[in-house]
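J.:
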Amino acid sequence: MPRGRGRRRRATKVEAEGEIPPSAPRSSRCRGGRRGQLPEDVRRAKEKIEEEPGVAAVEYDHAREASYTPADPGFPEQWGLKKTGFRSAWDAARGEGVRIAVVDSGVAAGHPDLAGKVVAQRDFVNGDGTADDDFGHGTHVAGIAAARTGNGTGVAGGCPGCELLVAKTMQGRIGYDSDVAQGIIWAADNGADVINLSLTGPAPSGVLERAVDYAWDKGSVVVAAAGNSGDGTVQYPGAYSNVIAVAAVDRSENRASFSTMGGWVDVAAPGVGVLSTLPGGYGYMNGTSMATPHVAALAGLLAEEGLSNQQIKHRIVSNTADLGPPAETPSSAPAA
Ligand SMILES: [Ca+2]
Ligand SMILES: [Ca+2]
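Position 330 (the sequence shown) corresponds to 386 in my numbering; numbering is contiguous.
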């Protein structure tokens, strides 16, 4: 992830550039250091340059750190965005025009922190064009990924500029593979750069895998939850090859006790005590379902930079901080 690129003080550079020809621009720059700590030679160099003919003014090129702090009152509580470096990433990209599909229980599209974000929706459960959220799960996921940010209301979204495609494929907590697969295909056909699948189950499904492959072939980054089984049960669609599978960690970067684990899991993201939008307000939720849209948001930021889905997956998986050795699958898994 891009980090704040605070330049280090370079006094020697000032000296090398000390000879400025008379045709120099009116304002020349001189790289300075941190406040109150300018070494004597740097100040002398500045004075020397100022005396050169043709130089109107010389200013120190101060190093500044990434400083975008969104004006959302809930942001201080959004530890996940801070822990994973989104503030620095936003200095490089905001995901403008990028589309994240939330294939879930629907989204409260009229929520003040999501209003205007939903550019297309489809309800595959009830067979209509309004993907309302009667459960809250999809609205929470959508806010983590792309809540309206910097609007003085509620929370910030990981991908502030991202638009939302909403496919309702769950009624309450349950969604069937046939509906989920249709939602994935619909999302890909509607130009989804990223598809968020905060849903899991232990049974493999050819229908689901083919839908994922279809979306991947169309260029979508597919991100799915690793599951909340707390053990090593392989979960789908997360375990399919064209998916980034996301486990959950807590504030201390320890695996969340509920998070599924295993070699097929690609990354972990914040999934405990996550604040986001809910129908009618805001609230905290736990789950790999909440970790997944953190990664979807990051994929959205990277998509703005024009990377392919393969490049984005590689970038995310290879640039993740290593939090320790792979989790061992317990020899006696807890009863589900
Ligand atoms: Ca509906
Ligand atoms: Ca907001």
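Heads up, the beta-carbon is just placed ideally off N, CA and C, and yes, glycines get one too.
What does D160 pair with, by DSSP beta-bridge criteria?
T.: Per DSSP, K224.
J.: Is it true that the segment 176 to 193 meets the segment 126 to 138, where meeting means three or more beta-carbon pairs spaced less than 8 angstroms apart?
T.: no
J.: Which term fits V239, buried or exposed, when burial requires 16 or more other beta carbons within 10 angstroms of its beta carbon?
T.: Note on identity: in this sequence residue 239 is Gly, with Val being the wrong assignment. With 16 or more other Cβ atoms within 10 Å, it is buried.
J.: When the Cα atoms are used, what is the spatial distance from A248 to F142?
T.: A248 and F142 have their C-alpha atoms spaced approximately 21 angstroms apart.
J.: Give the residues whose C-beta lies closer than 5 angstroms to at least one heavy atom of ligand 1, in chain order.
T.: Every residue with a CB closer than 5 angstroms to a heavy atom of ligand 1 is listed here in chain order: D179, N182, D184, T186.
J.: For P95, name the three-state secondary structure that DSSP assigns.
T.: Look at P95 here: in three-state DSSP terms it is coil, with no helix or strand label.
J.: In three-state DSSP terms, what is N27?
T.: Shown here, the chain extends from 57 to 392; a query on residue 27 therefore has no answer.
J.: When you compare only the Cα positions, how much space is there between E103 and G110?
T.: 14 angstroms
J.: For M346, which three-state DSSP category applies?
T.: In the three-state scheme derived from DSSP, where H, G and I count as helix and E and B as strand, M346 is classed as helix.
J.: Whose CB is closer than 6 angstroms to a heavy atom of ligand 2? List the residues in chain order.
T.: D128, D169, A203, R204, T205, N207, T209, G210, V211, A212
J.: Assign R150 to buried or exposed, taking buried as 16 or more other Cβ atoms, counted over all protein chains shown, within 10 Å of its Cβ.
T.: It is buried - the Cβ of R150 has at least 16 other Cβ atoms within 10 Å.
J.: May I ask you to report which of helix, strand or coil DSSP gives L357?
T.: helix
J.: Please check the pair G327 and A347, which I expect to be a contact at CB under 8 angstroms, by giving their CB distance rounded to whole angstroms.
T.: Rounded to whole angstroms, the Cβ separation of G327 and A347 is 3 angstroms, and the two are in contact under 8 angstroms.
J.: Going residue by residue through the segment 305 to 341, where are the continuous beta strand (DSSP E) segments of at least 3 residues, counting only ones entirely within it?
T.: Runs found: 323 to 326, 330 to 334, 337 to 341.
J.: My assumption, with CB atoms under 8 angstroms, is that A7 sits in contact with G343. Please give the rounded CB distance.
T.: Only positions 57 to 392 of the chain appear in this structure, which leaves residue 7 out of reach.
J.: Between T289, T333, A271, which lies nearest to A171 when the distance is taken from Cα to Cα?
T.: T333
J.: Could you tell me whether the Cβ atoms of V278 and V263 are closer together than 7 angstroms?
T.: no
J.: Out of A212, S276, T225, state which residue places its alpha-carbon closest to the alpha-carbon of E133.
T.: Of the candidates A212, S276, T225, the one whose C-alpha sits nearest the C-alpha of E133 is A212.
J.: Does the separation of the CB atoms of V323 and G136 fall below 7 angstroms?
T.: no
J.: Taking the alpha-carbon of M341 as reference, which of V197, Y292, E152 has the nearest alpha-carbon?
T.: V197
J.: Name the DSSP beta bridge partners of V277, please?
T.: V250
J.: With a threshold of 8 angstroms, are at least 3 pairs of Cβ atoms found where one atom belongs to the segment 364 to 381 and the other to the segment 149 to 167?
T.: no
J.: Could you check if R311 is buried or exposed, using at least 16 other CB atoms within 10 Å of its CB as the buried criterion?
T.: buried
J.: Applying the 10 Å Cβ sphere with the 16-neighbour rule, what's the burial state of S345?
T.: Looking at its Cβ environment, which holds 16 or more other Cβ atoms inside 10 Å, S345 is buried.
J.: Apart from the five residues just before and just after P186, which ones in its own chain have a Cβ nearer than 7 angstroms to its Cβ?
T.: First, the residue type needs correcting, since residue 186 is Thr and not Pro in the sequence shown. For T186, where only same-chain residues beyond five positions count, the Cβ hits under 7 angstroms are Q177, D179.
J.: If the criterion is Cβ atoms closer than 7 angstroms, does the pair G231 and L255 meet it?
T.: In this structure, G231 lies near L255, with their beta-carbon atoms less than 7 angstroms apart.
J.: Determine the burial state of P81: buried for a count of at least 16 other Cβ atoms within 10 Å of its Cβ, exposed for fewer.
T.: Below a pLDDT of 50, predicted positions are generally treated as unreliable, and P81, at 36, falls in that range; no measurement from the model is reported.
J.: In terms of alpha-carbon separation, which member of G183, S308, P349, A301 lies closest to T316?
T.: A301
J.: In its own chain, which residues sit with a C-beta less than 7 angstroms from the C-beta of T209, not counting the 5 before and 5 after it?
T.: D128, P168, D169
J.: Taking V236 as part of the alpha helix (DSSP H), name the residues at either end of that continuous run.
T.: 233 to 245
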